[in-house]
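Chains as they are written, first to last, in my numbering: chain H, 730 to 991; chain X, 18 to 301.
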C-alpha cells in the first residue's frame with residue numbers, strides 16, 4: 730500500500746466488542762479512510778454507529794480485531810504522545826492550575842520545567858486564556874475548561890489531533906464560538922485534525938470533508954467534500970450552500986437510521 | 018373611608034417607587050436578627066450563660082461538691098496544677114504517646130491504603146480484615162497488647178496506632194479506587210507509565226479522601242490514647258483523670274476532662290488547616 734505519504738490511513742478496520750453471553754458484536758466494519766497532512770476531517774453518523782470507538786482505536790485505547798491503522802506510515806500500536814486526544818469531558822486535573830494542566834503531557838515526557846512553562850504560556854495565549862494561568866478548573870467556565878483541554882493536547886505537539894465531541898457539553902452559543910476558535914487554532918498550528926461529532930452543522934462548518942458513517946456495524950457510507958471558502962465566519966452557516974450540505978448529510982443519516990429500524 | 022384613602026396613598030407610593038420600598042423593607046429586616054450582636058456571638062454567649070448558671074448553682078449550695086465541681090473551682094485547680102507542673106507533665110506524656118502512635122498510623126495507613134486501592138486483588142484480599150477491624154472497638158485488643166509488650170510506652174503507641182490506622186486505610190483505599198477514570202485515561206493518552214500515573218493522578222486524586230481518613234483516624238487515636246492510659250498507665254491525662262476519680266477529687270477530674278476537650282479541639286482544628294492548605298484547589 731502507498732500509505733507512506735498520508736498522515737492517517739485505515740485499512741479494512743474492524744472493531745468488535747465481546748458480549749456477556751460469549752458472542753461478539755461488530756461495532757465497526759471494513760472501515761477505510763485516509764487523512765492527509767493538515768486536513769480537518771469530521772466523522773458523523775447515527776448514534777451508536779461506532780464513531781467514537783473508531784476514534785478510540787486511532788488514539789490507541791481500543792484494540793482493533795481486523796485490518797490496520799497507520800499513522801505517518803507506521804502501524805498504530807497502543808496510545809502514544811504522537812496523538813493529542815480531546816474528549817467531551819474536559820477531564821482537567823482539579824488540583825492543577827490551568828497552566829499546570831497544559832504542561833502535564835510535557836511533564837510526563839520529561840521536558841525541563843523552564844521549557845514546559847514557556848510552552849505553557851505560549852499555549853495559554855493561543856487559546857486566549859493568558860490571564861487565567863493560575864486559576865483552578867473549578868474557577869473556569871465550561872468553554873474555558875475545554876480551551877485548556879485543547880491546549881493540553883496541543884502542548885505535546887502531536888502529529889495528529891483527535892477530538893471526540895469536544896463541544897458536546899457546552900451551551901449552543903459557546904459551542905459556536907469554540908468552533909470558530911478551533912479553526913483559528915488549527916490554522917495557527919498547522920495541525921491535522923480528526924473530529925468526531927453528531928452535530929452535522931458543526932461537521933460541515935469545520936471540515937475539509939465529512940465522513941458519514943452507516944448504522945452499526947459502522948462503515949464509510951459517503952465522503953462528502955465541503956467546498957466552502959476559508960476562513961469561514963460563523964455567518965456562513967446561514968448561506969444557502971451551507972444549508973445544502975447540511976441537508977444532504979442529514980438525509981443520508983436519516984435514511985441510514987430508517988434502514989436500521991426496518 | 019379615611020382608612021381606605023390612607024391605604025390607597027401607601028399603595029400609590031409603593032407603585033411609583035417599587036424598588037425603594039422593597040429596599041427599605043429588606044434593610045429593616047436585616048438589622049433585626051442577622052446583624053445583631055446577639056446573633057453574631059450566640060455561641061460564646063450561650064456557653065458563658067451556662068457557665069454563670071452553673072457557678073451560681075454551686076455558690077448557692079444546690080450542688081454536692083462531692084460529685085460536681087464549679088467553673089471557678091476548676092480554673093483555680095487548673096492554675097495550681099499548671100504551676101506545680103503536674104498538668105504539663107501528664108499532658109506531655111499523653112501527647113508523646115499520641116504523636117508516635119498516630120504518625121505511625123498515618124504513614125502505615127496511607128501506604129497500605131494506596132497499595133490496596135491501586136491493586137484491586139490486594140484490596141479484595143485485605144477487605145475482610147478491614148471490615149472486621151472497623152466495626153470493632155480496638156480497645157478490646159488492649160489485654161492482648163499488654164500480654165505481648167507489657168504496659169509501657171509501646172503498649173500505648175500500639176493501641177493509638179491500631180485505633181487510627183483502619184479508618185486511614187479505608188479512606189485512602191476508597192479514594193484510590195474511586196478515581197475519576199477520565200483522569201487516568203488522560204494520563205494514558207499522554208503515555209504516562211503506571212508509576213507516573215500513580216504519582217500524578219492517583220496520589221493527588223485520592224488526597225481529599227486521605228485527609229478525611231486522617232481526620233477520622235485522629236479522633237479514634239485520641240480515644241485510644243486516653244483509654245489506654247486509663248487502663249494501663251502510670252502517667253498521662255487519661256491516668257490523671259482515672260486516678261483523680263478514684264481519689265474522689267472531682268475538681269481534678271474536671272480539669273483533666275477539659276484538657277482533653279481542648280486538646281481534641283486543637284488537633285481537629287489543625288487538621289482543618291492542613292486540609293485547607295492541601296486542598297486549596299477546592300476553594301473558590
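Glycine included, each C-beta is placed from N, C-alpha and C at the ideal position.
Under 8 Å by beta carbon: chain X residues contacting residue i
i: residue 810(H); result: 207 and 208
i: residue 885(H); result: 207
i: residue 837(H); result: 204, 207, 208, 209, 213 and 217
i: residue 974(H); result: Ordered by position in chain X, no residue passes the 8 Å Cβ test against residue 974(H), which lies about 32 Å from the chain.
i: residue 862(H); result: Those do not exist, as residue 862(H) stays about 14 Å from chain X at its closest Cβ, beyond 8 Å.
Start and end residues, alpha helix (DSSP H) containing residue i
i: residue 828(H); result: 827-831
i: residue 142(X); result: 137-151
i: residue 799(H); result: Where residue 799(H) is concerned, there is no enclosing alpha helix (DSSP H), although the beta strand (DSSP E) it sits in stretches over 795-800.
i: residue 268(X); result: 267-295
i: residue 879(H); result: 871-884
i: residue 258(X); result: 254-263
i: residue 69(X); result: 59-76
i: residue 247(X); result: 220-248
i: residue 184(X); result: 170-194
i: residue 199(X); result: 198-206
Own chain partners of residue i with C-beta closer than 7 Å, once the 5 adjacent residues on each side are dropped
i: residue 40(X); result: Low local confidence applies: a pLDDT of 48 at residue 40(X) is under 50, so the model's placement there is unreliable, and no value is given.
i: residue 94(X); result: 268, 269 and 272
i: residue 1(X); result: The question about residue 1(X) has no answer here: the residues shown for chain X are numbered 18 through 301.
i: residue 183(X); result: 147, 150 and 151
i: residue 936(H); result: 769, 770, 771 and 955
i: residue 864(H); result: 826 and 827
Spatially closest choice to residue i from the options, by CA coordinates
i: residue 254(X); options: 103(X), 149(X) and 86(X); result: 103(X)
i: residue 878(H); options: 795(H), 825(H) and 927(H); result: 825(H)
i: residue 219(X); options: 201(X), 234(X), 206(X) and 210(X); result: 201(X)
i: residue 5(X); options: 99(X), 223(X), 278(X) and 237(X); result: Look at the range of chain X in this structure, 18 to 301, and you will see that residue 5(X) is not part of it.
i: residue 155(X); options: 206(X), 265(X) and 245(X); result: 245(X)
i: residue 203(X); options: 770(H), 790(H) and 742(H); result: 790(H)
i: residue 956(H); options: 831(H), 769(H) and 845(H); result: 769(H)
i: residue 240(X); options: 92(X), 135(X), 294(X) and 280(X); result: 280(X)
i: residue 833(H); options: 818(H), 810(H) and 891(H); result: 810(H)
i: residue 915(H); options: 840(H), 966(H), 890(H) and 950(H); result: 890(H)
i: residue 291(X); options: 67(X), 224(X) and 165(X); result: 224(X)
i: residue 858(H); options: 881(H), 837(H), 970(H) and 897(H); result: 881(H)
i: residue 169(X); options: 264(X), 140(X) and 250(X); result: 250(X)
i: residue 115(X); options: 243(X), 78(X), 297(X) and 293(X); result: 243(X)
i: residue 194(X); options: 125(X), 111(X), 181(X) and 144(X); result: 144(X)
i: residue 912(H); options: 899(H), 960(H), 946(H) and 780(H); result: 960(H)
i: residue 125(X); options: 296(X), 277(X), 231(X) and 283(X); result: 231(X)
i: residue 764(H); options: 943(H), 888(H) and 964(H); result: 888(H)
i: residue 779(H); options: 867(H), 829(H), 876(H) and 943(H); result: 943(H)
i: residue 807(H); options: 275(X), 265(X) and 205(X); result: 205(X)
Under 7 Å from the C-beta of residue i: neighbouring residues of chain H
i: residue 203(X); result: 820
Residue j beta carbon less than 7 Å from that of residue i
i: residue 87(X); j: residue 96(X); result: no
i: residue 759(H); j: residue 948(H); result: yes
i: residue 934(H); j: residue 902(H); result: no
i: residue 122(X); j: residue 192(X); result: no
i: residue 773(H); j: residue 941(H); result: yes
i: residue 893(H); j: residue 816(H); result: yes
i: residue 736(H); j: residue 921(H); result: yes
i: residue 178(X); j: residue 252(X); result: no
i: residue 229(X); j: residue 199(X); result: no
i: residue 975(H); j: residue 930(H); result: yes
i: residue 853(H); j: residue 847(H); result: no
Proximal chain H residues relative to residue i, where beta-carbon distance stays under 8 Å
i: residue 199(X); result: 816, 818 and 820
i: residue 82(X); result: Neighbours of residue 82(X) on chain H: none; closest Cβ ~56 Å, over 8 Å.
Interface residues of chain X facing residue i [CB-CB closer than 7 Å]
i: residue 775(H); result: Neighbours of residue 775(H) on chain X: none; closest Cβ ~25 Å, over 7 Å.
i: residue 823(H); result: 298
i: residue 834(H); result: 207
i: residue 865(H); result: 298
i: residue 788(H); result: 206
Short CB-CB distance (under 7 Å) between residue i and chain C
i: residue 211(X); result: Among the chains of the structure shown, chain C does not appear; the protein chains present are H and X.
6 Å CB neighbourhood of residue i in its chain, flanking five on each side removed
i: residue 754(H); result: 746 and 748
i: residue 68(X); result: 88
N-terminal and C-terminal residue of the beta strand (DSSP E) that residue i is part of
i: residue 813(H); result: 812-815
i: residue 951(H); result: 949-954
i: residue 747(H); result: 737-747
i: residue 942(H); result: 938-942
i: residue 907(H); result: Counting along the chain, residue 907(H) falls outside any beta strand (DSSP E), though it belongs to the alpha helix (DSSP H) covering 901-918.
Per-residue contacts from residue i into chain H (C-beta, under 9 Å)
i: residue 88(X); result: None at all; the shortest Cβ gap to chain H is about 46 Å.
Close-in-space but distant-in-sequence residues of the same chain around residue i (CB under 8 Å, 5 per side omitted)
i: residue 855(H); result: 880, 883, 914, 917 and 918
i: residue 299(X); result: 225
i: residue 742(H); result: 757, 759, 760, 761, 783, 786, 793, 795, 796, 797 and 798
i: residue 99(X); result: 105
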